[in-house]
Amino acid sequence: MGAPLELVANRAQGTGVYPDGEALIEAVRAVARGPLAAVVEDCDRKGVYPESVLRHLGNTGVLGVHHDDRRALGQPSAAADFGLAIRAAAEVSRVCGATGFMVWCHQVCGVYMEQSRNPHLGGEVLARHLRGQTLGATGMSNPMKTFAGIEQFLLKAKREGDGYLVNGTLPWVSNLGDDHYFGAVAALETSANEPAHEIMFIVRCDAPGVERRNCPSFSAMEGTNTWAVRLSDYRVGATNLLADPVRPFIGRIRGAFVLLQTAMGIGVTQGAIDSMRRVEPQLGHVNQFLEDRPDELQAELDGLVARIMNLARTPYATDQEHLINVLDARAQAAELALRAAQSALLHAGARGYLMSSDVQRRVRESHFVAIVTPAIKHLRKEIARLSQPVLPVAVAA
Ligand SMILES: Cc1cc2nc3c(=O)[nH]c(=O)nc-3n(C[C@H](O)[C@H](O)[C@H](O)COP(=O)(O)OP(=O)(O)OC[C@H]3O[C@@H](n4cnc5c(N)ncnc54)[C@H](O)[C@@H]3O)c2cc1C
């Protein structure tokens, strides 16, 4: 069990109060099992956005532990710890996959801001982001899929003075609120003989030219505050530019982007195993005839987590072997979440078929882990592409 909530609340008065990783994980568990567990059903069924829980998590310091500079958390000598960030986000996803996804949205937005080295997005702006005092998101599905040859850019930029104007619509961006912000990419209009060129930038929801529109209902993740975002002559300049050109920047952060997302798969799997164990005293006598039993799944999950923790030591590695390993770990996390959620339903029986059951919710959450960018199909396409042998020029011709 985690620390009692009052203790967490007291400790969380300021950040930087969990210098060691295990204490931080305990603090995150306490938030997940306390305030988050209290709203998870409303989040799933009524679309309630758990903003206060995200702020509470920010207070623990967990939203910034993967950053190079942790001074804002009162941890000046601590190094970036992607493994800790993934473990913590997995604890959140274990209780609520939707909130775990929003933690990832925020974490990865922090990566964009920090790695951009844009001073306007560093300093106190980044410090507030690390502490969860402001909340960030990511609209990168479309560019990630476009770079993989699955989609076309939905946002278009044209040069205007010393900056750009951006137009277009992203169909779904989660974790948005009136004063939230997210990273996005637009393709620059170029003349016929110019090479393709993109820019990456922060969109502030409250800026001129930004309009949010409701999305249709989803089968899960309703509490993620997911919106379609239309940009009309949205201005990009020195203060909100993340990368220009974009491709080298994406090449550098792609592994970190995908690796952080494994937390969702880990957490949903662990939550499913937890629920199987809960029914074991009553139903073990018959559940023993099922496949994917909790001990087997736990052993697989522990093996995968160990592999992910190893990859998390070099989050910005760009070599092909590392990248294939990261993509494969992300795909395995999704596949394991699907199997575990399905098996949990078989273990629980009718009680897991109630709409109010966490087992039922987790089946729908596991589907999201499998289809959100990079989806399993996208991951497999990328792994296949990266695994192609490079032929000598003479042979290739
Ligand atoms: C709940 C939820 C939250 C999301 N949050 C984010 C986020 O925060 N940031 C982000 O960048 N992306 C987000 N996405 C988008 C997600 O990552 C995928 O890009 C998206 O689900 C499309 O992937 P796909 O594999 O279906 O595309 P494909 O199978 O390649 O589909 C092709 C195209 O058809 C479009 N499409 C398919 N069905 C519909 C439909 N019914 N209505 C409109 N268009 C359709 C897809 O957008 C895609 O462009 C979210 C999606 C969902 C469902």
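Just add 1344 to the spot in the sequence shown (first one is 1) and you have the numbering used here. The C-beta atom is built at its ideal place from N, Cα and C for all residues, glycine as well.
{"Asked": "Cβ-based burial, Ile1617 [other Cβ within 10 Å; buried from 16]", "Found": "buried"}
{"Asked": "Bridge-paired residues (DSSP) for Trp1571", "Found": "Val1517, Asn1558"}
{"Asked": "Cβ contact (3+ pairs, closer than 8 angstroms) linking the stretch 1565-1584 and the stretch 1509-1518", "Found": "yes"}
{"Asked": "DSSP bridge partner residues for Val1580 (one or two, in chain order)", "Found": "Tyr1508"}
{"Asked": "Reduced DSSP secondary structure (H/G/I, E/B, other) of Val1436", "Found": "helix"}
{"Asked": "Simplified DSSP assignment, three categories, for Glu1542", "Found": "strand"}
{"Asked": "Same chain only: Cβ atoms within 7 angstroms of Gly1527, ignoring 5 sequence neighbours per side", "Found": "Cys1453, Tyr1456, Thr1482, Gly1483, Met1484, Met1544, Ile1546, Leu1586"}
{"Asked": "Minimum C-alpha distance to Glu1542 - residue among Arg1591, Ser1563, Glu1566, Cys1549", "Found": "Arg1591"}
{"Asked": "Distance between Val1716 and Arg1438 (C-alpha atoms, nearest Å)", "Found": "18 angstroms"}
{"Asked": "beta-carbon Trp1448 near ligand 1 non-hydrogen atom, thresh 7 angstroms", "Found": "no"}
{"Asked": "Residue range of the beta strand (DSSP E) that includes Tyr1525", "Found": "1525-1532"}
{"Asked": "Residues near Ala1728 by beta carbon distance below 8 angstroms, same chain, minus five either side", "Found": "none"}
{"Asked": "Selection from Asp1523, Met1620, Lys1500, Ile1594 that minimises the alpha carbon distance to Arg1579", "Found": "Lys1500"}
{"Asked": "C-alpha gap between Gln1732 and Asp1663, whole angstroms", "Found": "14 angstroms"}
{"Asked": "Distance CB(Gln1704)-CB(Tyr1697) smaller than 8 angstroms", "Found": "yes"}
{"Asked": "Own chain, CB closer than 6 angstroms to Ser1396, minus 5 neighbours either side, in chain order", "Found": "none"}
{"Asked": "Outcome for Leu1730 when other beta-carbon atoms lying within 10 angstroms are tallied against a minimum of 16", "Found": "exposed"}
{"Asked": "Of the residues Leu1690, Arg1683, Val1612, Ala1607, the one placed nearest Phe1633, counting alpha carbons only", "Found": "Leu1690"}
{"Asked": "Within 8 angstroms, strictly: CB atoms of Ser1535 and Thr1568", "Found": "no"}
{"Asked": "Which of helix, strand or coil DSSP assigns to Val1547", "Found": "strand"}
{"Asked": "Residues near His1524 by beta carbon distance below 7 angstroms, same chain, minus five either side", "Found": "Leu1479, Gly1480, Ala1481, Cys1549"}
{"Asked": "Val1517: CB within 7 angstroms of a non-hydrogen atom of ligand 1", "Found": "yes"}
{"Asked": "Residue burial classification, Asp1388 (beta-carbon count within 10 angstroms, cutoff 16)", "Found": "buried"}
{"Asked": "Counted within 10 angstroms of its Cβ, other Cβ atoms place Asn1486 as buried (16 or more) or exposed", "Found": "buried"}
{"Asked": "The beta strand (DSSP E) enclosing Thr1482, as first and last residue numbers", "Found": "1480-1482"}
{"Asked": "Span of the alpha helix (DSSP H), counted from its first residue to its last, around Leu1690", "Found": "1664-1692"}
{"Asked": "Paired residues, beta bridge with Leu1499 - DSSP", "Found": "Gly1512"}
{"Asked": "Any non-hydrogen atom of ligand 1 within 7 angstroms of Ala1607 CB", "Found": "no"}
{"Asked": "Heavy atom of ligand 1 within 7 angstroms of Met1716 beta-carbon", "Found": "It is worth fixing the name first, because residue 1716 is Val in this sequence and not Met. Yes, ligand 1 has a heavy atom inside 7 angstroms of this Cβ."}
{"Asked": "Extent of the continuous alpha helix (DSSP H) run through Val1422", "Found": "Here residue 1422 is Ala; the residue named in the question, Val, does not match the sequence. It is not in any alpha helix (DSSP H) - Ala1422 carries neither H nor E in the DSSP assignment."}
{"Asked": "Identified DSSP bridge partners for Leu1730", "Found": "None; Leu1730 has no bridge partner."}
{"Asked": "heavy atom of ligand 1 below 7 angstroms from Met1565 C-beta", "Found": "yes"}
{"Asked": "Residues near Gln1477 by beta carbon distance below 8 angstroms, same chain, minus five either side", "Found": "Arg1399, Gly1402"}
{"Asked": "Span of the alpha helix (DSSP H), counted from its first residue to its last, around Ala1471", "Found": "1467-1474"}
{"Asked": "From Ala1600, His1711, Ala1643, residue whose alpha carbon lies closest to that of Gln1459", "Found": "Ala1600"}
{"Asked": "Within 8 angstroms, strictly: CB atoms of Glu1385 and Ser1700", "Found": "yes"}
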